[in-house]
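2 protein chains.
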Amino acid sequence: MNSVPPNQTSPAAAASAPATPAPGATASSSVAPSASPTFSPLYQQIKALITQSLQSGEWKPGELIPSEVELANRFKVSQGTVRKAIDELAAENLVVRKQGKGTFVSTHHEARAHFRFLRLMPDEGVPHYPESKFIEVRRLRAPADVARLLDLKSGDAVIYIKRVQSFDGVPTIVEELWLPGLLFKGLTAERLNEYKGPMYGLFESEFGTRMIRAAEKIRAVCAAEADAALLHTAPGTPLLCAERVSFTYGDKPVELRRGLYLTERHHYQNDLN
Amino acid sequence: MNSVPPNQTSPAAAASAPATPAPGATASSSVAPSASPTFSPLYQQIKALITQSLQSGEWKPGELIPSEVELANRFKVSQGTVRKAIDELAAENLVVRKQGKGTFVSTHHEARAHFRFLRLMPDEGVPHYPESKFIEVRRLRAPADVARLLDLKSGDAVIYIKRVQSFDGVPTIVEELWLPGLLFKGLTAERLNEYKGPMYGLFESEFGTRMIRAAEKIRAVCAAEADAALLHTAPGTPLLCAERVSFTYGDKPVELRRGLYLTERHHYQNDLN
DNA sequence: AAGTGGTCTAGACCACTTT
DNA sequence: AAGTGGTCTAGACCACTTC
């Protein structure tokens, strides 16, 4: 079914001879990337194949993926090539390596992952995950701007969610979300209320959609009356406004968020490397 | 002088025999990391040595560093080990690899680098670097909070700078900086006014201090009267407040900035990977 | 002891740049 | 043609985990 890269001079194309595929000088003729127009290195092809298996759900979040040796055999490449492919996947947080145990598919069900997308930290004390209170959950037709950012057609069904998040009982974030209706059928206020922890965990487990990347645009705004009331603060209070588009495999946008952050006892933390 | 890692079973310690250092089975006895208490892999030691040369100015920003083969010979390790060390340095933006040409020391004198620390982007149109107008440049004694963040003693000499930055003539950023007086002797308003482009370029060329990393804390605030006037806006206008501490080699803090960003036609861009 | 990822080596060849 | 980084292989051994 698989076992060979889809591209160009596929490694061990015929695969008739059982022995080692001729090392050293002749290796290039059987395995090296060809001079075809759209060249990509072998390890990138392997990386793409592994990503496909992640996307298709062949290996699910939290699960162990096959060992490097096994993947090398499957794809008929050297362990080093598989290694380089997995190195990049690990750098992109798609998988996590654990020495002596194996390589695991990343999951949002870990303390590690909880602060990858939420960068609001307390000015003092240790960070911990806030509690959610859902204000509104309903289906609606996508406005033009939402549709554009989610790569939908204007008027397509989307699920709209509004919630308030509190740290130690202090309301600090008021957040609106828009999700493609097709992908999140059956997402109700009840299920959201039952679920503890980041919504991304629920999206991953219950809807098979894993967020792997996001882009945020941040501004300062003044609190409108309604938002001020939800945050127990005065209208006009300055708030951080973070608009986030999250992407799943294949750079497909699958979530739009607009969060308003009260930054009196918290700050948005960002490290520039 | 150099040529050997400072640690443990140094590779090719004695280095008497001229021939290849015994490949294969016996390689471990002459080269592999020992079982000493504070173990670190060879490539990390090589990385540290290269970093020292960067820090000491042996290879200056923009210059070519020795080739992988040459470094491998110098350190008596394989090219692959040097390669892995440089891979990490490249990932940290300390060096830049260019196929066919060599590996270069990173510099702030490139368009590439200009937006690594300045994340304010126009809502529409292509990003370009803003113009500076300096309001104030003087020496003063470090207040307690500044001293703490810069790892100085309260009362130590610091250079204080205040400026306004404009995009297409529109004042958008008002920024205050504090720099350790010892490192930036002779930094005057004149030299700042002469210099075009990011201050980090000047710091690097004229004062030998290269910023390699920064940590920002971001909040929303209301414009005070003085700042509002500088930004040609009304007092009370919501502004993004970014407090940044920048670090040079050895995680030494060498700059504190507090920037106020007008986010009416611009936004702070952040990608979460 | 066996299996996994992590390190290290040596050598080949490729792609790109410069001479 | 020569030099540089980039890819690929094959094999050895180390560190860690599990049985």
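Same order as they appear, the protein sequences are chains C and E. Residue 191 in our numbering is what sits at position 118 of the first sequence, and the numbering runs on without skipping anything. Residue 96 in our numbering is what sits at position 23 of the second sequence, and the numbering runs on without skipping anything. C-beta: ideal position from N, C-alpha, C; glycine also. For clarity, every value in this text was computed on a predicted model and none was experimentally measured.
Checklist entry - Which of the residues in the segment 265-295 of chain C, read from start to end, lie with their CB under 8 Å from any CB of chain E? => result R286, A287, A288, E289, K290, I291, R292, A293, V294 and C295
Next on the checklist: On the DSSP bridge list, what partners appear for W251 of chain E?
Outcome noted: E:Y233 and E:L329
Next on the checklist: Between E:L252, E:V150 and E:E136, which has its C-alpha nearest N220 of chain E's C-alpha?
Outcome noted: The question names Asn, but residue 220 of chain E is Ala in the sequence shown. A220 of chain E has its Cα closest to that of E:L252, out of E:L252, E:V150 and E:E136.
Item to check | Reduced DSSP category for G175 of chain E - H, G, I as helix; E, B as strand; rest coil | outcome: strand
Next on the checklist: Quick check on T321 of chain E: does DSSP put it in helix, strand or coil?
Outcome noted: strand
Checklist entry - Can a CB atom of chain C be found closer than 8 Å to the CB of N166 of chain E? => result yes
Item to check | chain C contact for L312 of chain E (CB, 8 Å cutoff) | outcome: yes
Checklist entry - Which two residues bound the contiguous alpha helix (DSSP H) that contains L193 of chain E? => result No alpha helix (DSSP H) contains L193 of chain E, which is instead part of the beta strand (DSSP E) from L193 to P195.
Next on the checklist: With distance defined between alpha-carbon atoms, name the residue in C:R212, C:E249 and C:V243 nearest to V231 of chain C.
Outcome noted: C:R212
Checklist entry - What whole-angstrom Cβ distance do Y341 of chain C and I291 of chain E have, given they're in contact under 8 Å? => result 4 Å
Checklist entry - Going along the chain, which residues of its own chain have a beta-carbon closer than 6 Å to the beta-carbon of F257 of chain E, five neighbours each way excluded? => result I232 and F280
Item to check | Bounding residues of the alpha helix (DSSP H) (the contiguous stretch that carries F207 of chain E) | outcome: Unbroken run through F207 of chain E is the beta strand (DSSP E), E204 to R214; no alpha helix (DSSP H).
Checklist entry - Would a check of beta-carbon distances place T180 of chain E closer than 8 Å to chain C? => result no
Item to check | Cross-chain neighbours of Q128 of chain E in chain C, by beta carbon under 8 Å | outcome: Within 8 Å Cβ-Cβ: nothing; Q128 of chain E doesn't reach chain C, min ~17 Å.
Item to check | Chain-ordered chain C contacts of T336 of chain E [CB-CB under 7 Å] | outcome: R292 and A293
Next on the checklist: Distance check for R286 of chain C and L167 of chain C, CA to CA, integer angstroms please.
Outcome noted: 10 Å
Item to check | Start-to-end residues for the beta strand (DSSP E) that takes in K290 of chain C | outcome: R286 to C295
Checklist entry - So, using beta-carbon positions, are F177 of chain E and L223 of chain E closer together than 8 Å? => result no
Checklist entry - Who are the Cβ neighbours of F207 of chain E in its own chain at under 8 Å, not counting the five residues just before and after it? => result I234, K235, R236, A262, L265 and N266
Checklist entry - Would you report the Cα separation of E204 of chain C and E183 of chain C, rounded to the nearest angstrom? => result 16 Å
Item to check | A307 of chain C - DSSP class collapsed to helix/strand/coil | outcome: coil
Checklist entry - Can you name the residues of chain E whose CB is closer than 7 Å to the CB of F190 of chain C? => result L345
Next on the checklist: Cβ closer than 8 Å: which chain E residues qualify as neighbours of Y233 of chain C?
Outcome noted: By Cβ distance, chain E contributes nothing, its closest Cβ being about 22 Å from Y233 of chain C, past 8 Å.
Checklist entry - So, helix, strand or coil for H181 of chain C, using DSSP? => result coil
Checklist entry - Any beta-carbon of chain E closer than 8 Å to the one on Y116 of chain C? => result no
Next on the checklist: Within 8 Å of any Cβ in chain C, is that where the Cβ of Y341 of chain E sits?
Outcome noted: yes
Checklist entry - Quick one: what's got a C-beta closer than 6 Å to R338 of chain E's C-beta in the same chain, skipping five residues either side? => result D196
Checklist entry - If you draw a straight line from the alpha carbon of C295 of chain E to that of E289 of chain C, how long is it in whole angstroms? => result 22 Å
Item to check | Residues of its chain near G274 of chain E, where Cβ-Cβ distance is below 7 Å and the 5 sequence neighbours each way are ignored | outcome: H181 and H182
Checklist entry - Does the beta-carbon of A186 of chain C have 16 or more other beta-carbons within 10 angstroms, so that it is buried, or is it exposed? => result buried
Item to check | Start and end residues, alpha helix (DSSP H) containing L115 of chain E | outcome: L115 to S129
Checklist entry - Taking the beta strand (DSSP E) that D344 of chain C falls in, what are its first and last residues? => result H339 to L345
Checklist entry - Among the residues of its own chain, which have a CB less than 8 Å from the CB of K325 of chain E, if the five just before and after it don't count? => result D224
Item to check | Candidates C:H201, C:P139 and C:I123, of which the one nearest Y322 of chain C by Cα | outcome: C:I123
Item to check | Whole-Å CB distance - R30 of chain C paired with E249 of chain C, under 8 Å assumed | outcome: Outside the shown range of chain C, which is 74 to 346, sits residue 30 of chain C, and nothing can be said about it.
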